[in-house]
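*Asks:* Just so we're aligned, residue 1 is where the sequence shown starts under UniProt numbering, counting upward by one.
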Amino acid sequence: MAKARTAYVCSDCGASSNKWQGQCGECGAWNTMSEFVVEPAGPGKAAAPARHAGWAGRPQAAGVTALKDVSQDAEVRLSTTIGELDRVLGGGLVAGSVVLVGGDPGIGKSTLLLQALAAMAAQVPALYVTGEESLAQVAGRAQRLGLPLDNLHALAETGIESILALAAAAKPTPRLLVADSIQTLWSELLTAAPGSVSQVRESAAKLVRYAKETGTSVFLVGHVTKEGGIAGPRVLEHMVDAVLYFEGESGSRFRVLRAFKNRFGAVNELGVFAMGDKGLREVPNPSAIFLSGASTAQPGSAVMVTREGTRPLLVEVQALVDDSSLSNPRRVALGLEQNRLAMLLAVLHRHGGVVTGDQDVFVNVVGGIRVQETAADLPVLLAVLSSLRDRPLAEKTVAFGEVGLSGEIRPVPNGEERLKEAATHGFRRAIVPRANAPKKGAYKDLEVIAVERLSEALDAAAEGG
Ligand code: TYD
Ligand code: MG
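1) By the 10 Å Cβ neighbour count, where 16 or more other Cβ atoms means buried, how is residue 47 classified, buried or exposed?
2) Beta carbon of residue 164, beta carbon of residue 206: below 9 Å?
3) Indicate the three-state DSSP secondary structure (helix, strand or coil) for residue 239 in the structure shown.
4) Alpha carbon to alpha carbon, how far is residue 68 from residue 75?
5) For residue 188, would you say it is in contact with chain B, using Cβ-to-Cβ distances shorter than 9 Å as the test?
6) Where do the N-terminal and C-terminal ends of the alpha helix (DSSP H) with residue 377 fall, by residue?
7) Can you tell me whether residue 134 is buried or exposed? The criterion is at least 16 other CB atoms within 10 Å of its CB, across all chains shown.
8) If you scan the UniProt domain "RecA family profile 1" (74-224) from start to end, which runs of the alpha helix (DSSP H) of 4 or more residues do you find wholly inside it?
9) Listed by chain order, which residues have C-beta atoms less than 5 Å from any heavy atom of the ligand TYD?
10) Report yes if the CB atom of residue 372 is closer than 9 Å to the CB atom of residue 337, and no otherwise.
11) Residue 181: beta carbon under 8 Å from a heavy atom of the ligand MG?
12) What is the DSSP secondary structure of residue 411, counted as helix, strand or coil?
13) Which of the three DSSP states is assigned to residue 319 in this structure?
14) Below 8 Å on the Cβ atoms is my guess for residue 184 versus residue 216; work out the distance and round it to an integer in Å.
15) When the Cα atoms are used, what is the spatial distance from residue 20 to residue 244?
16) Three or more C-beta pairs closer than 8 Å, one from the stretch 115-123 and one from the stretch 139-159: is that the case here?
17) Does the beta-carbon of residue 361, which I'm using as the reference point, lie nearer than 8 Å to any heavy atom of the ligand MG?
18) Sorry if obvious, but does the Cβ on residue 132 come closer than 8 Å to a heavy atom of the ligand MG?
19) Quick one: what's got a C-beta closer than 7 Å to residue 167's C-beta in the same chain, skipping five residues either side?
20) Given residue 24, which residues of its chain have a CB within under 7 Å of its CB, disregarding the five upstream and five downstream residues?
21) What separation, rounded to the nearest whole angstrom, lies between the Cα atoms of residue 314 and residue 191?
22) So which of 17, 95, 296 has the shortest CA-CA distance to residue 396?
23) Compute the Euclidean distance between the alpha carbons of residue 287 and residue 26, then round it to the nearest angstrom.
24) Can you give me the start and stop residues for the alpha helix (DSSP H) that residue 345 sits inside?
25) Measure how close the beta-carbons of residue 379 and residue 400 come, nearest whole angstrom, since I'm counting them as under 8 Å.
26) Kindly indicate the opening and closing residues of the beta strand (DSSP E) around residue 261.
27) Since residue 277 is in the beta strand (DSSP E), which residue starts that stretch and which ends it?
28) Look up residue 30 in the DSSP assignment and give the residues it is bridged to.
29) Going by alpha carbons, who is nearest to residue 386 out of 280, 351, 317, 255?
30) Go through its chain and collect everything with a Cβ distance to residue 252's Cβ below 8 Å, but skip five positions before and after it.
31) Just to confirm, does residue 221 get its C-beta within under 8 Å of one of the non-hydrogen atoms of the ligand MG?
32) Pop quiz: residue 189 and residue 37 are said to be a contact at Cβ under 8 Å. What is the actual Cβ separation, rounded to whole angstroms?
33) Among the candidates 304, 104, 276, whose CA atom is the shortest distance from the CA of residue 420?
34) Quick one: residues in its chain with C-beta nearer than 8 Å to the C-beta of residue 237, no 5 flanking neighbours on either side, listed in chain order?
35) On the premise that residue 119 lies in contact with residue 65, defined as a C-beta separation below 8 Å, what is that separation, rounded to the nearest angstrom?
36) In this structure, what does DSSP give as the bridge partners for residue 16?
Here you go:
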């Protein structure tokens, strides 16, 4: 076999050069050159363009085919036996798929995958490749977690070529492989250090190719760096079938696994886990944990019904509004988008007549969860108002609804489902967009207050409080 050649390719314009350069000679961009393997061109096989290295492992096209003739039973799913993980994957693990599990160090990626692997090893041969911990550490952890060790195979190795060779030679042949973590893997074809963009990308590309060729399902573990990761797993998002990110506050024992991308299921699907002394335990009914648990309503607190993925969730949002000594008062949003908060405060001023320009405003979503949908607008404003007035909302009140720039309250998807979740958890009042209101008397114990304008919503909130 001819020796593989490497080249430095600009990620902006695709120009390649034999030497590394700080600035691309073609387009002039800085720090965009990274090393790629350029496969030697064999007879009858053209070299793949270097910048498409990630796609080289796609299954060979079987010619032009009518879609109706394509067999669809190819999508075999295997349950991970962890219900919340199955949910995030879209109903189990698809054979031959590559799933990237990202998150901060120490959040529980290795723990979850070891638990899932041990459970699945009873059905299919599984291999845990560890580049960070020794075999003794992995075995020790599995033992502490009380996992069945019989069918669990592990390999401590970081060279991607030897990993793939050893996996191919292993008996029984693994159908399931965990690579923990992708940042420790390196290819002998590249001179760059492990953890660099080119090494991470090349190792992942090899694993993707391996998964597609052998039908093995592969989990890649990736640490997200604080900066969101030039050398982090973000560069892999387009290569893999699914990207799951772990979220959660370091102080809290709850962990949320969110599907950021999924070729086989809904995005933004959430799986909720609690970290305990026996590892991660699933929380199948998570609504309760995102409420702060205060027995009476507090000023500055509002409960919203959000719907992430395919499940409604009750989540508490807290606000603190306080006199500011700064000429530029602070607006801090945790678990929400900062710009959205600034926009909402402007709407509150213009259409609700409530001035917060001289106040610091802090907003926090309880439980370390990140809320991305606009249904949070109304509850955020109610929490802000409640803190400003130092008056709690009425007991057992929930709210949801998008707030428009002209002060209108706009409907959100799946209103019925959200109301049902609120009723199930014993809420008594719901402030919702008019278009989301059900027929009169649809809920016996839940009074639904339908509003069209922000001013109506503020009146409704003031009445009960
Ligand atoms: P780990 O899975 O090693 O994190 P990652 O692979 O994402 O870096 O999780 C380690 C953390 O979890 C560590 O802080 C200890 C805690 N932990 C528990 O609380 N209980 C347990 O049973 C285990 C295994 C870990
Ligand atoms: Mg780990």
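By construction, the Cβ of each residue, glycine as well, lies at the ideal position given by its N, Cα and C atoms.
*Replies:* In this structure, then:
1) Working through the sequence shown from its first residue, we reach residue 47 at position 47. With a pLDDT of 41 at residue 47, under the threshold of 50, the predicted position of this residue should be treated as unreliable, and no value is reported.
2) As a position in the sequence shown, residue 164 is number 164, starting the count at 1. As a position in the sequence shown, residue 206 is number 206, starting the count at 1. The answer is yes: Cβ separation under 9 Å.
3) As a position in the sequence shown, residue 239 is number 239, starting the count at 1. Residue state, collapsed to three classes: coil.
4) On the sequence shown, position 68 is the one that residue 68 refers to. On the sequence shown, position 75 is the one that residue 75 refers to. Those two C-alpha atoms are separated by around 16 Å.
5) Protein chains in the displayed structure number just one, and chain B is not present.
6) For this step, residue 377 is matched to residue 377 along the sequence shown. Counting along the chain, the alpha helix (DSSP H) containing residue 377 begins and ends at 377-389.
7) On the sequence shown, position 134 is the one that residue 134 refers to. Its Cβ having fewer than 16 others within 10 Å, residue 134 is exposed.
8) Listed in chain order, they are 83-89, 109-120, 135-144, 160-169, 197-214.
9) 105, 106, 107, 108, 109, 110, 111, 275, 279
10) Translated into positions along the sequence shown, residue 372 becomes position 372. Translated into positions along the sequence shown, residue 337 becomes position 337. In this structure, residue 337 lies closer than 9 Å to residue 372 by Cβ.
11) Working through the sequence shown from its first residue, we reach residue 181 at position 181. Residue 181: yes, Cβ under 8 Å from the ligand MG.
12) Taking the sequence shown and counting its residues from 1, the one referred to as residue 411 is at position 411. Coil.
13) As a first step, residue 319 must be located in the sequence shown, where it is residue number 319. In this structure, residue 319 counts as strand in the three-state DSSP scheme.
14) Locating residue 184 in the sequence shown gives position 184, counting from the first residue. Locating residue 216 in the sequence shown gives position 216, counting from the first residue. Residue 184 to residue 216, Cβ: 20 Å. No contact.
15) Here residue 20 is taken as the residue at index 20 of the sequence shown, counted from 1. Here residue 244 is taken as the residue at index 244 of the sequence shown, counted from 1. Rounded to whole angstroms, residue 20 to residue 244 spans 33 Å at the Cα level.
16) yes
17) For the purposes of this step, residue 361 is identified with residue 361 of the sequence shown, where counting begins at 1. Residue 361 has its CB no nearer than 8 Å to any heavy atom of the ligand MG.
18) Numbered from 1 along the sequence shown, position 132 holds the residue referred to as residue 132. Yes, the Cβ of residue 132 comes within 8 Å of a heavy atom of the ligand MG.
19) Your numbering for residue 167 matches position 167 in the sequence shown. Excluding positions up to five away in sequence, the list reads 127, 174, 177.
20) Residue 24 sits at position 24 when you count from the first residue of the sequence shown. Excluding sequence neighbours, residue 24 sits near 10, 12, 13, 15, 32, 33.
21) What you label residue 314 is simply residue 314 of the sequence shown in a count that begins at 1. What you label residue 191 is simply residue 191 of the sequence shown in a count that begins at 1. C-alpha separation (whole angstroms): 50 Å.
22) Along the sequence shown, one-based indexing puts residue 396 at 396. It is 296.
23) Mapped onto the sequence shown, residue 287 falls at position 287. Mapped onto the sequence shown, residue 26 falls at position 26. In a straight line, the C-alpha of residue 287 is about 54 Å away from that of residue 26.
24) Within the sequence shown, numbered from 1, the residue matching residue 345 stands at position 345. Where residue 345 is concerned, the enclosing alpha helix (DSSP H) stretches over 338-352.
25) Against the sequence shown, residue 379 aligns to sequence position 379. Against the sequence shown, residue 400 aligns to sequence position 400. The pair is a contact, with the Cβ atoms about 7 Å apart (cut-off 8 Å).
26) Numbered from its first residue, the sequence shown carries residue 261 at position 261. Residues 254-262.
27) Taking the sequence shown and counting its residues from 1, the one referred to as residue 277 is at position 277. Careful: residue 277 lies outside any beta strand (DSSP E) and carries neither H nor E.
28) Residue mapping note: residue 30 aligns to position 30 of the sequence shown, counting from 1. Answer is 23.
29) Here residue 386 is taken as the residue at index 386 of the sequence shown, counted from 1. The candidate whose alpha carbon is nearest that of residue 386 is 317.
30) Taking the first residue of the sequence shown as position 1, residue 252 is located at position 252. So the list reads 367, 368, once near-sequence residues are dropped.
31) In the sequence shown, the residue the question calls residue 221 occupies position 221. Checking every heavy atom of the ligand MG against the Cβ of residue 221, one is found closer than 8 Å.
32) Stepping through the sequence shown from its first residue, residue 189 is reached at position 189. Stepping through the sequence shown from its first residue, residue 37 is reached at position 37. Contact check for residue 189 and residue 37: beta-carbon distance about 5 Å, within the 8 Å limit, so the pair qualifies.
33) Residue mapping note: residue 420 aligns to position 420 of the sequence shown, counting from 1. Per the C-alpha coordinates, the member of 304, 104, 276 positioned closest to residue 420 is 304.
34) Within the sequence shown, numbered from 1, the residue matching residue 237 stands at position 237. Counting only Cβ-Cβ distances below 8 Å, and skipping sequence neighbours, we find 100, 243, 260, 261.
35) Residue 65 sits at position 65 when you count from the first residue of the sequence shown. Residue 119 sits at position 119 when you count from the first residue of the sequence shown. The Cβ separation is near 37 Å, so there is no contact.
36) The residue you call residue 16 lines up with position 16 of the sequence shown. According to DSSP, residue 16 bridges with 9.
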